[in-house]
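Chains as they are written, first to last, in my numbering: chain A, 1 to 484; chain B, 485 to 588.
Okay, here's the thing in structure tokens:
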């Protein structure tokens, strides 16, 4: 039986969240889904006659930085080109893109696979503009150009991936890098990153490129991985039953979990690229490239290595902290205060804080608990002002209300009871209330002490210092043994 | 250099022009003549001249990333042939299939 090998390449579109659009000065606003249509538009991005584009310098810089982060060569001369096609989401009848002379090319990104690290080559990184959005209503369509002209980076890989898992790993890692560079928020639900996968399969050992299926409009990692896995399976089935795979453009039906042929005519792909006459070429000097290289932040892989070495963290917690740049920054700010160990901080952040963020669907920079506030709370637990469980409840309250730990402790009277006289009194009451259990303990069933301890904690609403209660309780029980 | 009938059909389709048979015939002639004329440029020896896409000395014309207020929506939609719910209104387009031939 023939064994087949999938051959997969990706085209990734990522919005660049500059302050203004690519070729005009309309503000770029993240699509929250409830934005009033056509409220961030001007004559340029709606292609009114006589308007001219002007290049946004920051968008060019972020594209070059993305190229550098992906180990690309930055071309000394780059230019824009017109890509013509007719679709109502494209007001000019063409999209300003790049062709032939992209800003960056010939790079790679290393991903982890089950067979060890693997380089996925990058063909090119170029800059273009996003299109508007269409809403189909019966036999008409409504067009909203808020998104039209938002700068868009396109990253094109070589067909170097061999499984849906590798495709996913690549996409996840690329997203991470884009977020670290500040290209965009990485919020997939808001469509800031979109994928197109081209998939073919060939007999193992062959290095031929077979006719491929291009799957369009994959807007989540899950959809991307599922669509690729589905295509691989279908194409192998087709070949095994003696059929042939022909070059086609496919859509992905997420609900049914299948790809389907989009009835596009092959010749519609004649984009008639030609150099954009309205935009002079870009000359990218070595000095400019080097100054941008110096502006590159520490990238995720380097940061992972440093977190393990510098803070002694394990792979798992390192991964959790570094995957989101804001979380990693938060962690480092907190560590930098020098009051709590990195390990303890990692536990609080990846444990309780992550849970609370998830429950309230907020990012770490959206919750009202500062790194200083978290460190202050942890110190209060470590110093014994409150016990661990109470500390966790206080954190919940901090996330909910934005109050400081000190204020919550005062208002709710949560300070741990470490007053021995008060605790002895409570313990005596508990023992008086439960003579049967005391009898069992004295009869040798010492594990009853745990249950009695729980009763004391309950009586103090969890505020008692557990270590102290344990020793005082043992004392009190032993005192009763002697008094018999 | 004579354009084939298929090439004329293809160009008309890309330009979204619905041409009559008679027009296709006539434009095939005219486009061929234009191409022949332009083809004379091929006779020039450009061996020693680097390719360029511009004859202007301009390079790196860029602006800082500073937003300014957008144009009021009513102004943007003022010239739209049809508008609804703050949007431009167009005929629905499904996929990018060629439009059916319009009956004369």
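By construction, the Cβ of each residue, glycine as well, lies at the ideal position given by its N, Cα and C atoms.
Helix, strand or coil at residue i according to DSSP, with G and I counted as helix
i, result
"residue 486 of chain A", "Residue 486 of chain A lies beyond the stretch modelled for chain A, which goes from 1 to 484, so this question has no answer here."
"residue 339 of chain A", "coil"
"residue 121 of chain A", "strand"
"residue 271 of chain A", "coil"
"residue 549 of chain B", "coil"
"residue 502 of chain B", "coil"
"residue 455 of chain A", "helix"
"residue 508 of chain B", "helix"
"residue 369 of chain A", "coil"
"residue 253 of chain A", "strand"
"residue 6 of chain A", "strand"
"residue 577 of chain B", "coil"
Inter-residue spacing [alpha-carbon to alpha-carbon] between residue i and residue j
i, j, result
"residue 302 of chain A", "residue 115 of chain A", "21 Å"
"residue 501 of chain B", "residue 491 of chain B", "13 Å"
"residue 123 of chain A", "residue 153 of chain A", "13 Å"
"residue 13 of chain A", "residue 133 of chain A", "15 Å"
"residue 330 of chain A", "residue 414 of chain A", "27 Å"
"residue 423 of chain A", "residue 391 of chain A", "20 Å"
"residue 187 of chain A", "residue 554 of chain B", "25 Å"
"residue 178 of chain A", "residue 538 of chain B", "33 Å"
"residue 182 of chain A", "residue 65 of chain A", "10 Å"
"residue 118 of chain A", "residue 460 of chain A", "57 Å"
"residue 517 of chain B", "residue 577 of chain B", "35 Å"
"residue 364 of chain A", "residue 335 of chain A", "16 Å"
"residue 135 of chain A", "residue 33 of chain A", "12 Å"
"residue 481 of chain A", "residue 442 of chain A", "7 Å"
"residue 450 of chain A", "residue 108 of chain A", "59 Å"
"residue 320 of chain A", "residue 359 of chain A", "17 Å"
"residue 165 of chain A", "residue 106 of chain A", "23 Å"
"residue 233 of chain A", "residue 299 of chain A", "35 Å"
"residue 293 of chain A", "residue 375 of chain A", "34 Å"
"residue 41 of chain A", "residue 61 of chain A", "24 Å"
Proximal residues of chain A, C-beta to C-beta of residue i below 8 Å
i, result
"residue 562 of chain B", "Result: empty, since nearest Cβ-Cβ is about 10 Å, beyond 8 Å."
"residue 512 of chain B", "Near residue 512 of chain B there are no residues of chain A at all, since even the closest Cβ is about 18 Å away, more than 8 Å."
Closest residue to residue i among the options (Cα-Cα distance)
i, options, result
"residue 452 of chain A", "A:444, A:462, A:427", "A:427"
"residue 305 of chain A", "A:294, A:322, A:289, A:293", "A:322"
"residue 275 of chain A", "A:69, A:98, A:287", "A:98"
"residue 222 of chain A", "A:211, A:255, A:435", "A:255"
"residue 175 of chain A", "A:198, A:11, A:128, A:292", "A:11"
"residue 373 of chain A", "A:398, A:352, A:355", "A:398"
"residue 193 of chain A", "A:69, A:7, A:210, A:172", "A:172"
"residue 488 of chain B", "B:504, B:512, B:503", "B:512"
"residue 280 of chain A", "A:21, A:78, A:27, A:24", "A:78"
"residue 48 of chain A", "A:91, A:29, A:470", "A:91"
"residue 8 of chain A", "A:292, A:231, A:25", "A:231"
"residue 465 of chain A", "A:478, A:433, A:382, A:479", "A:382"
"residue 455 of chain A", "A:473, A:440, A:439", "A:473"
"residue 477 of chain A", "A:437, A:458, A:457", "A:437"
8 Å Cβ cutoff, residue i in contact with chain B
i, result
"residue 17 of chain A", "no"
"residue 72 of chain A", "no"
"residue 213 of chain A", "no"
"residue 376 of chain A", "no"
"residue 342 of chain A", "no"
"residue 40 of chain A", "yes"
"residue 129 of chain A", "no"
"residue 102 of chain A", "no"
"residue 46 of chain A", "yes"
"residue 371 of chain A", "no"
Under 8 Å by beta carbon: chain B residues contacting residue i
i, result
"residue 55 of chain A", "545, 546, 547"
"residue 159 of chain A", "The contacting residues do not exist; residue 159 of chain A stays about 25 Å from chain B at best."
"residue 20 of chain A", "549, 550, 551, 552"
"residue 139 of chain A", "575, 576"
"residue 123 of chain A", "Ordered by position in chain B, no residue passes the 8 Å Cβ test against residue 123 of chain A, which lies about 21 Å from the chain."
"residue 60 of chain A", "546"
Minimum Cβ-Cβ distance from residue i to chain A less than 8 Å
i, result
"residue 565 of chain B", "no"
"residue 526 of chain B", "no"
"residue 530 of chain B", "no"
"residue 498 of chain B", "yes"
"residue 444 of chain B", "With chain B represented from 485 up to 588, any question about residue 444 of chain B goes unanswered, as that position is not in the structure."
Partners in chain B for residue i, counting only beta-carbon separations shorter than 7 Å
i, result
"residue 36 of chain A", "570"
"residue 88 of chain A", "574, 577"
Partners in chain A for residue i, counting only beta-carbon separations shorter than 9 Å
i, result
"residue 612 of chain B", "Because residue 612 of chain B is not part of the residues shown, which for chain B are 485 to 588, the question remains open."
The ligand ATP heavy atom lying under 7 Å from the CB of residue i
i, result
"residue 558 of chain B", "The ligand ATP is not part of the structure shown, which contains no ligands of any sort."
Under 7 Å by beta carbon: chain A residues contacting residue i
i, result
"residue 488 of chain B", "What residue 488 of chain B touches in chain A: nothing, since even the nearest Cβ is about 14 Å away."
Contacts that residue i makes with chain B (C-beta to C-beta distance below 9 Å)
i, result
"residue 259 of chain A", "Residues of chain B passing the Cβ test: none, with the nearest at roughly 15 Å."
"residue 27 of chain A", "551, 552, 553, 554"
"residue 144 of chain A", "570, 571, 572"
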